[in-house]
Structures are given as C-alpha cells and as structure tokens.
Amino acid sequence: MGIQEQYRKEAAELLSSGEVKLVIGYGEGSTAERRRPVFVRSAEYVSRLVLDGSCVANLSSYLVPEGLLSDGKKVAVFLKPDGIRSINILAAESQLDPEQVVILGFDIEGGQAAPLPGRKASDFTALIGSLKSAGLSPELQKDADRLEQMSASERFGYWKEQFSKCIKCYACRQVCPMCYCRRCIVDVNQPQWINTSSHTLGNFEWNIIRAFHLAGRCVSCGGCDRSCPVNIPLRLINHRMAKEALDTFGHYAGESAEQQPVLATFRQEDPETFIL
Amino acid sequence: MTRILLNSRLDDCLGAWRSAGFTVLAPVKRSDLTRFDEVQGASEMSLDIVMPERTIKEHFFLQTEPLIRYEIKKQQIETEEMVPPERKRIFFGVRPCDAAGLDIDDPLFGWDYKDDYWFRRREKSVIVTIACTSADDFCMCTSVGLAPDSPKGSDVMLHPLLDGRGWLVVPHTDRGKALLEPVSSILLEEAAEPAPVPAVPVKFDVNNVMAWLAEPANFESQLWKEVSQRCIGCGSCTYLCPTCHCFDIQDEGDTYSGIRRKNWDSCSFAMFTMHTSGHNPRNTQSTRWRQRIMHKFNYYRGKFGVNSCSGCGRCTRQCPVDMGITETLHEISNLPR
Chain G
1 MGIQEQYRKE
11 AAELLSSGEV
21 KLVIGYGEGS
31 TAERRRPVFV
41 RSAEYVSRLV
51 LDGSCVANLS
61 SYLVPEGLLS
71 DGKKVAVFLK
81 PDGIRSINIL
91 AAESQLDPEQ
101 VVILGFDIEG
111 GQAAPLPGRK
121 ASDFTALIGS
131 LKSAGLSPEL
141 QKDADRLEQM
151 SASERFGYWK
161 EQFSKCIKCY
171 ACRQVCPMCY
181 CRRCIVDVNQ
191 PQWINTSSHT
201 LGNFEWNIIR
211 AFHLAGRCVS
221 CGGCDRSCPV
231 NIPLRLINHR
241 MAKEALDTFG
251 HYAGESAEQQ
261 PVLATFRQED
271 PETFIL
Chain E
1001 MTRILLNSRL
1011 DDCLGAWRSA
1021 GFTVLAPVKR
1031 SDLTRFDEVQ
1041 GASEMSLDIV
1051 MPERTIKEHF
1061 FLQTEPLIRY
1071 EIKKQQIETE
1081 EMVPPERKRI
1091 FFGVRPCDAA
1101 GLDIDDPLFG
1111 WDYKDDYWFR
1121 RREKSVIVTI
1131 ACTSADDFCM
1141 CTSVGLAPDS
1151 PKGSDVMLHP
1161 LLDGRGWLVV
1171 PHTDRGKALL
1181 EPVSSILLEE
1191 AAEPAPVPAV
1201 PVKFDVNNVM
1211 AWLAEPANFE
1221 SQLWKEVSQR
1231 CIGCGSCTYL
1241 CPTCHCFDIQ
1251 DEGDTYSGIR
1261 RKNWDSCSFA
1271 MFTMHTSGHN
1281 PRNTQSTRWR
1291 QRIMHKFNYY
1301 RGKFGVNSCS
1311 GCGRCTRQCP
1321 VDMGITETLH
1331 EISNLPR
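Chains G and E, in that order, are what the protein sequence lines are. The first sequence begins at 1 in this note's numbering and counts up by one. The second sequence begins at 1001 in this note's numbering and counts up by one.
Right, dumping it as structure tokens:
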C-alpha cells in the first residue's frame, strides 16, 4: 500500500472512530502540480486527500484560528518535520494543547512522500534532535552566504530593492503558524506603531519587525517565501535569524513542547557579546 | 492597407514618442518580479510573457498615494494638496485584461466625486496593448465576456504578426490615433496576417453566476463557507487584481504635522470594515469572500452596468492556497437549478 492509501485509511479510521473531528490535509489543486489544503470531516470523503512530493505547505497554521480547538476535541493534520516543530512551538507558547493534535507525519525524500512513525508531537523528539544535529539547510546557507559576503551598504541596497516590491498584502503573515496574534502590531493604531503605508520605509518596518518576531521561532517551512506574490526571498531573512539563534544560544526552534522561548529566557552562560 | 510596426523599428518608435515628451513604461523584469516600469529601450522589456505579475493599476491607483501635507498650528491648520505629476505616459505592452481593468474602474473613480489622482493620470496616459498569443491555465477573460484581443480600455492595439516580424497597429481611440502621428514614418503600410489568439476556455457561465448572486436567499448559502474554508485572509488576490480599488485614508506623522495618504485596502483583511465599536459586519473569512464576489458580480454591475473583473486570473495564479474567483464562480455556475 502506498503512503497515500495508508494515510487515507488512517484518516478514515480516526474520523469514523470519533477520535478526531477533522482531518486537515492536502488535496488536488487547480493544476497538476498544485496541492491545496483540504478539510475532511467525514470518513466518506478521505479520497479527497492526496499525499505526494508536492505536498510542501506547513498546515499547522490552520490549527490556530480562534475556536477550532476550544471544544477540547482532537484534530488530525498532515505535517512534515517543520510542521511538527511548529506544533511544539505553539504548545510552548500556550497556543494549543499538543494532546489535541494527531499528527499524520511524513517527509519528502527524493521528491516522494515517505511516512514518519508517530502520532503525537512528542513522538518525534528524536527525529527533530537529529535534524538539529544535521544543522540548518545547506542550500539556504549558500544563498545566505552570498548576502553575508556583501558589504553592509550593498546588503542594505539588496533588501531595499526587495522590500520596495512589497505590497503589504500580508500573505507572509497569514500563512505563518507563528503569526497567530489576534491583532498584529501593524493593525494596532492607538498608538500607531508602524506605518501602514506600503512605501519603502513602511515596507522595511513591516518586514524587519516580522523577522524580529520570528527570531528563534521560525522553522524555515518556507511558507512566507512561497506565498509572497512579489517574490521577496523572505526565507533568507528568517534563516539569518534562525542561524543567529542556533549559533549564539544553541536554540533550534520547536525541539519540544517544553522548549523555552529563546528571547524570553536567560541562562548564566548566555553570551553577552554586545553588552558593554 | 494596414499599418505595421516592425520589431526592428520599435526602438525608433519609442525614441520618437520620447522626443514627443512621453515617458514609456513597459513590463520589466527586475529583482525576480515583472511589473510596469519606465524603459529607455526595447531591450529592457519583457514582452514574451503571459502577463506581468503586477498590474498597471498601480500606476493610476498607487499602493500609497500622498494626498495632503498638514500642519496643525496654534490658530489654524495649514494644508497643502499634493497633486500627482502631470507626466505624459505611454503604457506599452499592456495585456487586454489589464487595459480593460482601467476602463472598468473609470466610473467608480468618477461617479460621486471625481478622483483627481486617478483621472489626472488617466488623462495623460496612452494605453498600447498587445493582443495575447499565449495563455495559461489561469486566464479566464473569455468567461467574463472579454477575449485575448479585446480592445476595451486600449488606445492602440498591437496584434503580433504571424511571421513574427512585428505587430499590426490598430488605433481604437482619438488618443491612440494622435499617438501614431509622430511615428507615422516608422510604420509600414502593407497587408499582413496577425498571429492567432490563444483559445482560452470559458470556465463558468457568468449569466448563471449573476442570476444566482441576485437571489437574496443565496446570501446565506452554505457555499460561501465551503469555498472559502482554506482562505488565509491575505490581500494578495485583491492587490494583484486589475480592478480591485478599495482604499483606506491614513494620517502618517505626529500630533502636529504629517501626510494624509490613500492606501490600498483589502476586503480579505479581518480589519476591513471593522467599526470603531469593535463590531465588524463581516467578521468571518467566508463573509469577506462573499463580499468580494458580490461586489464584483452583483453590486458593481448594479451601479455601473459592468462586472468588476477582467479575467486576468491573477487571483488564482498567485493565491498562496490555490483559491480564487474562477473556482468559486465555476461552482456557482454549475449549481443545480
């Protein structure tokens, strides 16, 4: 039995036994290559679920809207390791109870979806630990190195050009499981912290503040980057922050549901290189 | 006899227009994004694409437009109106759907209050469209009564020639005819055959859709929830739309001075139409999606006699979760009745 059939069967069992009220997975999209989020509430519809190498989106963001988990019932969701890390962070930040999330875990290897054993986020701790040891994506690092080699003014010019494309559609925010604020700081207007205008300054303010808010929290799922309709390489900013968190504090976002937020905790051995 | 512009003479043509005082804007690919920007020559243009990722709308209805500069003094408030520069502009290589988008928005910006910021730019701009020779899975102009070579909104339409030598030049307005005067010696007068336009399949029956939307009982239909379930509430579809025109007025500055701006706004956002009391008449994503569809295919038609969609398909093409107008309207159009 292929992974798709196996997971459809599991989804059907979860739904018909009443263990979960909803399965969030992937379905056929409007073209052959596209996959889209689908929501299955009854075992008779599990044939809508698709699982293959094109299923890249991190679906954990669909768990955070207000009300979905407030009835205490469980929801099953198809997640790659990045999505499982997101669940851990959401749990650590008290946004959900990981016991309510049944994970249908998989990873993509050589363009194919492969099953990952486990049901609860805590079942994947060893896997996430091995990912941490393997380090951040070398592919991303290559792009990041190109930026690192620039002078500060060249790099500023690069981001200025990129951010001047931004239209403040907030697709990056909306697709991100970490952007669960009921009211985002850009939408706060008393006082107005951030310019709402989409001029280059306002775009800088938005994108930099988002990068700061994601420092030590981003799992590099690439959702913001893929969603950006004007092709800003947002992955590079978030990668830079993730690298900083890892190199400086040994912090790999989403290791466990008990992990402390890196910027909200202090350890005596924390380096203080920038404090005189 | 028809008039022809050869590829090899395009630079001469642009030069003549620039000598006549025009700024030329065309699709340009820069920093991994194709949008209309000022060009000096043909080599900078990206014309062999289905369409640029961003529309020409943003050059008429700016994503952020300064309106007035204000200063609050002890006894009075001083204001200074900021009017757009009156540049003569040519938009070269516009797709018919984007040109139609401007035409669709004209009545909106002029019905109760004439929006100078829109019309000053409109009046000084000439739209030179190139009929499509390719389409992708998301194009849907034929579903909204347009076509890959519709002249709606175009001052001049260029039809690519079958032999690839250039374009057949057809003016559609007086402004278009006037634009051809300074380049008349560059154009050839000979018979030529235009390349065929691509077959863009009709994806929904727009009359069925409009009839369903007009039925008051369908306002509370379960369909709205079903089709919008995966919507994440970003503004990508609205901001890339050639006809979406909602805006928000914002004051930017401190207590005593600043700039009042007109910024793009989107019905997809949770803050859209939020009242100061905290009440929001559209407090779920499905009601916001319904608003978008109703506005385009019911309210707008009721007011201005035209649907607010020109079929470019960007809403689906660039949607992060593979939604868009096309699928919703397809579902509505295929409902049993």
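We put the CB at the ideal spot given by N, CA and C, even for glycine. Owing to the predicted nature of the structure, the values given are computational and were not obtained by experimental measurement.
### Closer than 8 Å to chain G by CB, E/M1210
no
### Task
Consult DSSP for G/K165 and reduce its assignment to one of helix, strand or coil.
coil
### Query
Among E/W1224, E/A1191, E/E1220, E/S1125, which has the Cα closest to the Cα of E/A1178?
E/S1125
### Message
Suppose contacts are defined by Cβ-Cβ distances below 8 Å. Is E/C1013 in contact with E/I1186 by that definition?
### Response
yes
### Message
Run through the DSSP bridge pairs and tell me what E/K1262 is partnered with.
### Response
E/E1065, E/I1249
### Contiguous alpha helix (DSSP H) assignments of at least 4 residues, all confined to the segment 1261-1327 of chain E
1285-1294, 1300-1304, 1314-1317
### Message
Check whether the segment 1027-1039 of chain E and the segment 1207-1219 of chain E touch, using three or more Cβ-Cβ pairs below 8 Å as the test.
### Response
no
### Range of the contiguous beta strand (DSSP E) that encloses E/W1167
1166-1171
### Task
Using a Cβ-Cβ cut-off of 8 Å, state whether E/Q1076 counts as contacting chain G.
no
### Min CB distance E/D1105 to chain G below 8 Å
no
### Message
If you reduce the DSSP assignment to three classes, tell me which class E/S1043 lands in.
### Response
helix
### Contact with chain E by G/R34, beta-carbon distance below 8 Å
yes
### Message
I'd like to know if the segment 116-123 of chain G and the segment 196-213 of chain G are in contact, where contact means that at least 3 CB-CB pairs between them fall below 8 Å.
### Response
no
### Task
Tell me whether the beta-carbon of G/A253 lies closer than 8 Å to the beta-carbon of G/C218.
yes
### Nearest residue (CA-CA) to E/C1244, options E/I1049, E/I1127, E/V1039, E/F1060
E/F1060
### Query
Using a C-beta cutoff of 8 Å, does E/N1263 count as contacting chain G?
yes
### Message
Output needed for E/E1380: all residues of its chain with C-beta closer than 7 Å, excluding positions within five of it in sequence on either side, in chain order.
### Response
No answer is possible for residue 1380 of chain E: the residues shown for chain E start at 1001 and end at 1337.
### Query
Looking at the unbroken beta strand (DSSP E) that takes in G/L234, where does it start and where does it end?
Premise fails: G/L234 lies in the alpha helix (DSSP H), 234-249, not in any beta strand (DSSP E).
### Query
In angstroms, rounded to a whole number, what distance separates the CA positions of G/R85 and G/L104?
13 Å
### Message
Quick check on G/Q174 - is its C-beta less than 8 Å from some C-beta in chain E?
### Response
yes
### Query
Quick one: does E/Q1318 have its CB under 8 Å from some CB of chain G?
yes
#### Entry: Inter-stretch contact (C-beta, 8 Å, three-pair minimum) for the segment 1148-1159 of chain E and the segment 1091-1106 of chain E
yes
### Query
So the beta strand (DSSP E) E/T1023 belongs to, where does it begin and stop?
1022-1030
### Query
Exposed or buried, which one is E/Q1318 when buried takes at least 16 other CB atoms within 10 Å?
buried
### Query
Hey, does G/D225 have any beta-carbon neighbour from chain E nearer than 8 Å?
no
### Task
Kindly say whether E/V1321, judged by its beta-carbon, lies nearer than 8 Å to any beta-carbon of chain G.
yes
### Message
Tell me which residues of the segment 1207-1232 of chain E have at least one Cβ-Cβ distance to chain G shorter than 7 Å, keeping chain order.
### Response
Q1229, R1230, I1232
### Message
Does the contact criterion of 3 or more C-beta pairs under 8 Å hold for the segment 99-117 of chain G versus the segment 234-248 of chain G?
### Response
no
### Query
Once you ignore the five residues that flank E/G1166 on each side, which residues in its own chain have a CB closer than 7 Å to its CB?
I1004, L1005, L1006, N1007
### Task
Would you please verify whether the beta carbon of G/A91 is less than 8 Å from any beta carbon of chain E?
no
### Message
Am I right that E/Q1291 and E/R1301 are in contact with their C-beta atoms under 8 Å? What's the rounded C-beta distance?
### Response
No, E/Q1291 and E/R1301 are not in contact; Cβ-Cβ is about 15 Å, not under 8 Å.
### Against chain E: residues of the segment 152-185 of chain G by CB proximity under 7 Å
E161, Q162, K165, I167, C169, Y170, A171, Q174, V175
### E/I1232 - containing alpha helix (DSSP H), residue span
No alpha helix (DSSP H) contains E/I1232, which DSSP labels as neither H nor E.
#### Entry: 7 Å Cβ cut-off: residues of chain E touching G/N231
D1032, L1033
### Query
For E/T1079, is the classification buried or exposed, using 16 other Cβ atoms within 10 angstroms of its Cβ as the cut-off for buried?
exposed
### Task
On a CA-only basis, which of G/G83, G/G129, G/I87 is nearest G/I108? Give me that one, please.
G/G83
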